[in-house]
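In order, the protein sequence lines correspond to chains U and X. Per numbering that gives the first Met the number 0, residue 0 is the first one in the first sequence, and the count goes up by one each step. Per numbering that gives the first Met the number 0, residue 0 is the first one in the second sequence, and the count goes up by one each step.
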Amino acid sequence: MTDLAIELIGICKSFGAVVANRDVEMKVAKGSIHGIVGENGAGKSTLMSILYGYYQADSGCIRVNGQETRIRNSQEAIRLGIGMVHQHFMLVDNFTVLENIILGAEGGFVLKGGMEAARRHLKRLNQEYGLEVDPDAVVGQLGVGLQQRVEILKALYRGADVLILDEPTAVLTPQEADHLFRILHTLKQQGKTVILITHKLREVLESTDTITVMRAGMVVGNVRSQDVDRAALADLMVGRKVNLQVEKNDRTPGDVVLSVANLCLTDNRGVQLLKNLNFSVSAGEIVGIAGVAGNGQSELLEVLAGMTEASSGDVCYKGQDLVRMKYRQPKAAALRGLGIAHVPEDRSREGLVKAFSIYENAILGYQCDRSLCRGLMYSRQALIARAKKLIQQFDIRPDDPLLRAGLLSGGNQQKVVLAREIHANPDLLLVGQPTRGVDIGAIEFIHHRLVELRDAGKAILLVSVELEEIMSLSDRILVMAGGQITGEVVGREATAQALGLLMCGGDNQ
Amino acid sequence: MSFGQPSTLPRWAQLTILPVLNLMAALLVTGAVTWMIGENPLECLKLLIDGAFGYGEGIGYTLFYTTGFIFTGLAVATAFHAGLFNIGGEGQAYLAGLGITLTVFAFDKVLPFWALMPLCLIAAMVFGAGWAYIPAWLQAKRGSHIVVTTIMFNFISYSVMLYLIGHLLIEPGSQNPTTREFGANAWMPSMTSMAASIGITLPNTPLNASFILALIVCALFYLVVWHTRWGYELRTVGTNGDAAHYAGMNVPKVIIIAMCASGALAGLSAVNELLGSTHRMNVSFTNGVGFVGVAVALMGRNHPIGIILSALLFGALTQGGMDLSFAKPLITREMVWLIEGLVILFCGGLENLFEPFLARLFKWRK
């Protein structure tokens with residue numbers, strides 16, 4: 000026997016030409032909380048997917064409790080006592096907690112017997128780990144934090160001794176996150192092993208015992224949490240001194256470009272998604288909107304881009320009333336014509352057609368542009384010339400305009416979208432999560448472009464869940480919670496603590 | 000290799016080896032069935048191929064059937080590019096027949112060929128498009144599923160047309176449910192007569208100028224779908240509706256126009272049949288052409304070249320199968336349908352059956 004719960008030795012995994020993991024070595028002691036940190040795309044998730052049996056490593060070996068094993072699928076991982084809590088929950092919304100937990104482990108054709116046994120077992124787990132979940136609650140009606148606990152419970156029910164959590168706090172408010180870490184500590188005291196994947200330095204330092212730092216598919220450091228501080232960890236992660244603060248001169252904003260008054264949005268179930276929003280964005284200024292994901296930021300962007308109709312309120316853009324205006328074409332197209340460009344939050348769902356080549360994606364949203372046509376047809380030369388220009392200006396790689404967009408890395412996909420929208424020379428740029436899933440080099444590039452655009456006198460509305468991004472880019476910061484603006488802070492004076500407090504503002508009143 | 004992941008096969012292999020393997024598999028199963036009912040499979044295959052391509056008349060009939068399948072194949076492909084499954088080609092072609100017949104009845108006594116023929120083509124397309132418009136509107140504006148509505152519209156068209164032909168359009172004094180013969184100025188010139196005018200003698204077959212029209216429409220289809228703004232919007236709506244909405248495209252409008260274009264194309268198959276061959280409208284003249292179009296589009300991967308090739312395959316199966324069932328009493332019409340069904344199953348439904356196997360072979364060779 001050994002006191003290592005998990006040992007990974009020389010794990011390699013590549014997808015085509017992309018090496019996701021290269022010679023990864025990692026040891027996780029039993030009864031500890033182990034953090035894996037790294038930038039997006041550093042290979043953390045791939046590594047855990049290998050451990051959980053979703054992927055097979057190309058080479059290397061996995062030892063669980065000292066035994067060398069092959070994990071070919073998630074059932075085998077579960078049998079070895081490995082449980083996983085995904086970033087996106089794998090729950091059936093209209094089932095109760097109990098039904099969700101026995102899903103896949105029903106214990107027989109007739110449910111009743113299994114259900115009763117499960118209920119007893121669940122009660123014990125609930126007490127043992129202080130999870131406080133009602134087994135008869137319908138999952139869809141639970142809050143995000145509770146749903147996550149259901150996922151944890153599910154893994155424990157299946158006998159997990161090693162629990163992997165993938166970016167567990169991405170969807171939580173700071174309070175919910177604290178509660179989660181209390182639970183993880185209880186788990187640890189009961190002898191369970193926890194592996195925490197994250198790119199948030201603060202939480203990993205506060206809650207773990209040991210940390211593996213990954214960069215570009217490789218392990219660049221295995222450290223004890225008490226031996227390092229944030230700066231050291233960040234340097235390890237990025238591989239050089241990071242200057243997350245973007246160079247930016249002070250600038251007096253120009254005229255107001257966009258002003259929003261009493262904007263409300265209610266969805267067809269009657270849930271109020273936006274409540275009385277009032278703000279403005281001026282030329283030559285970046286206004287950042289901070290908040291935990293799902294607090295109305297996405298809806299706000301969609302309303303301003305003309306993809307969703309607001310329920311009430313006014314939107315005024317350069318003196319034009321966008322709400323009462325008559326539109327002869329779909330609103331999203333008309334607003335583009337007026338000089339409002341939009342980088343959507345979810346580039347793969349909205350911003351790109353992955354099956355199309357780069358040059359076809361380079362005109363998405365601008366497909367009516369006359370300069371692209373020769374007679375009734377598109378001029379292929381004109382399309383490709385435009386794509387080449389974007390590729391060159393934004394250093395998109397590989398530089399082949401005929402390549403399918405789906406084959407590009409996240410960062411390059413994002414550059415295609417951003418290049419396209421900036422190429423239109425907009426007066427107002429709406430940007431959602433510009434660096435989600437983007438590698439660090441591209442992040443700096445994108446940030447510089449946004450600041451350049453601001454210095455050129457354009458108005459930018461930036462929505463991001465990354466506080467550091469918001470703080471380093473924005474001239475003014477609005478914080479949203481529960482569909483409301485809970486506060487406004489001047490960019491230079493903002494602190495994560497102050498923003499964090501505002502971010503919980505709309506939630507618990 | 001698990002389901003839903005992009006194929007690791009090179010594209011050329013996907014387009015050549017895979018369809019050939021699928022076709023071979025279909026023929027193998029057909030051969031087994033043929034052998035079980037006591038016929039020699041190889042002999043039957045030879046008869047089938049000879050029937051389709053072995054002699055001038057056979058080729059003419061093969062290409063005649065091919066023409067109709069090209070039109071309905073393109074119809075299904077058009078809708079498919081917008082992400083819609085138009086099962087209603089049959090009904091749309093049927094209604095197009097009504098448009099043609101009414102136009103001919105109104106004008107074949109007064110208008111010359113060069114004026115009447117364009118009118119007939121327009122009528123066919125308008126009636127086909129009109130019949131597709133209703134399901135399209137219901138899909139775009141009310142969310143009624145297009146597969147369900149187009150199937151139902153096939154049944155409605157059968158009943159309506161049966162009534163119209165049986166009671167209103169029937170040739171006076173005739174016992175057969177068929178209209179009077181169209182005036183000769185409404186006949187699509189046959190290939191035989193066109194070839195004769197430049198001194199080439201062809202056997203007498205129903206192959207007519209619609210075949211040339213079909214090839215022209217294929218070229219137009221390619222240009223419109225891949226080289227115009229409308230085609231771009233069509234494909235965007237079909238592959239990523241959210242992106243289309245983001246890009247400010249009028250998604251319901253694209254859906255409606257795509258379905259109307261689809262119906263119009265399906266309508267042209269009635270031109271081939273009525274104006275090119277029978278010169279009158281019978282009950283159930285469409286004879287499954289709309290359904291074969293689904294298979295043709297699937298197998299042809301919604302590309303005009305593929306559609307021409309797969310339409311030729313089904314044209315050959317129809318013609319060769321008929322000859323085969325004449326020559327072999329054991330091979331009935333139903334057996335020929337079985338062959339067609341197996342081809343559709345293997346080439347359409349089980350398209351990627353051999354893909355993992357082939358992908359492994361390629362990997363291993365490297």
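Just so you know, even glycine gets a beta-carbon here, dropped at the ideal spot from N, CA and C.
Which value, in whole angstroms, describes the spacing of the CA atoms of residue i and residue j?
i: S58/U; j: R214/U; result: 19 Å
i: T331/X; j: L222/X; result: 42 Å
i: T434/U; j: D345/U; result: 11 Å
i: S13/U; j: R62/U; result: 21 Å
i: Y365/U; j: K140/X; result: 25 Å
i: E66/X; j: I306/X; result: The sequence shown places Thr at residue 66/X, not Glu. If I take the Cα positions, the gap works out to 11 Å.
i: L195/U; j: E339/X; result: 56 Å
i: Q412/U; j: E349/U; result: 12 Å
i: S311/U; j: A257/X; result: 34 Å
i: M236/U; j: G82/X; result: 44 Å
i: R144/U; j: N125/U; result: It should be pointed out that residue 144/U corresponds to Gly in this sequence rather than to Arg. G144/U and N125/U: Cα-Cα distance of roughly 15 Å.
i: T211/U; j: Q296/U; result: 33 Å
i: A194/X; j: S209/X; result: 14 Å
i: P214/X; j: F126/X; result: Pro is not the amino acid found at residue 214/X; the sequence shown has Leu there. If I take the Cα positions, the gap works out to 22 Å.
i: G80/U; j: Y128/U; result: 17 Å
i: A135/X; j: C259/X; result: 8 Å
i: I445/U; j: S206/U; result: 32 Å
i: Q508/U; j: T307/U; result: In this predicted model, Q508/U has a pLDDT of only 36, less than 50, meaning its place in the structure is not dependable enough to derive any value.
i: G247/X; j: A480/U; result: 29 Å
i: L308/X; j: L461/U; result: 52 Å
i: A441/U; j: V450/U; result: 14 Å
i: Y60/X; j: V416/U; result: 52 Å
i: G237/X; j: F355/U; result: 12 Å
Any idea what DSSP makes of residue i, helix, strand or coil?
i: Y365/U; result: coil
i: F14/U; result: strand
i: L460/U; result: strand
i: L257/U; result: strand
i: Y156/U; result: helix
i: L349/X; result: coil
i: G3/X; result: Because the pLDDT of G3/X is 42, which lies under 50, any placement of that residue in the model is unreliable, and the number read from its coordinates should be weighed accordingly. In the structure shown, G3/X sits in coil (DSSP, three-state: anything other than H, G, I, E or B).
i: I339/U; result: strand
i: D177/U; result: helix
i: M144/X; result: Per the sequence presented here, residue 144/X reads as His, with Met not at that position. Note: H144/X maps to coil in three-state DSSP.
i: D506/U; result: Reliability of the predicted coordinates at D506/U is poor, the pLDDT of 42 falling under 50, and the value obtained from them is presented with this limitation in mind. D506/U falls in the coil class under three-state DSSP.
i: Y53/U; result: coil
i: E354/X; result: helix
i: L8/X; result: coil
i: E180/X; result: coil
i: Q319/U; result: strand
What residues of chain U sit near residue i, judged by a beta carbon separation below 7 Å?
i: H278/X; result: What H278/X touches in chain U: nothing, since even the nearest Cβ is about 36 Å away.
i: N239/X; result: V352
i: L222/X; result: M376
Mind pulling the chain U residues with CB within less than 8 Å of residue i?
i: Y231/X; result: E359, I362, Q366 and Y377
i: M334/X; result: Within chain U, no residue comes near M334/X; the closest Cβ sits about 40 Å away, beyond 8 Å.
i: H226/X; result: M376, Y377 and R379
List, in chain order, every chain X residue whose beta-carbon is nearer than 8 Å to that of residue i.
i: M306/U; result: H244 and Y245
Are there 16 or more other CB atoms within 10 angstroms of the CB of residue i, so buried, or fewer, so exposed?
i: P18/X; result: buried
i: G198/X; result: exposed
i: L272/X; result: As written in the sequence, residue 272/X is Glu, which differs from the Leu given in the question. Its Cβ being crowded by 16 or more others within 10 Å, E272/X is buried.
i: S370/U; result: exposed
i: M324/U; result: exposed
i: M23/X; result: exposed
i: P117/X; result: exposed
i: V489/U; result: exposed
i: A19/U; result: buried
i: H87/U; result: exposed
Along chain X, which residues have their Cβ under 7 Å away from the Cβ of residue i?
i: E349/U; result: D241, A242 and Y245
Applying a beta-carbon distance threshold of less than 9 Å, which residues of chain U neighbour residue i?
i: N249/X; result: Q328, P329 and A332
Quick check: the region 86-99 of chain U against the region 137-144 of chain U, are there 3 or more CB pairs under 8 Å?
yes
Between the region 97-105 of chain X and the region 269-283 of chain X, do three or more beta carbon pairs fall short of 8 Å?
With the cut-off at 8 Å, the region 97-105 of chain X and the region 269-283 of chain X touch.
The region 292-306 of chain X contacting the region 336-353 of chain X, beta-carbon criterion three pairs below 8 Å:
yes
For the structure I just gave you, are there three or more beta carbon pairs, one from the region 218-237 of chain X and one from the region 69-82 of chain X, closer than 8 Å?
Yes: the two stretches touch, three or more of their Cβ pairs being nearer than 8 Å.
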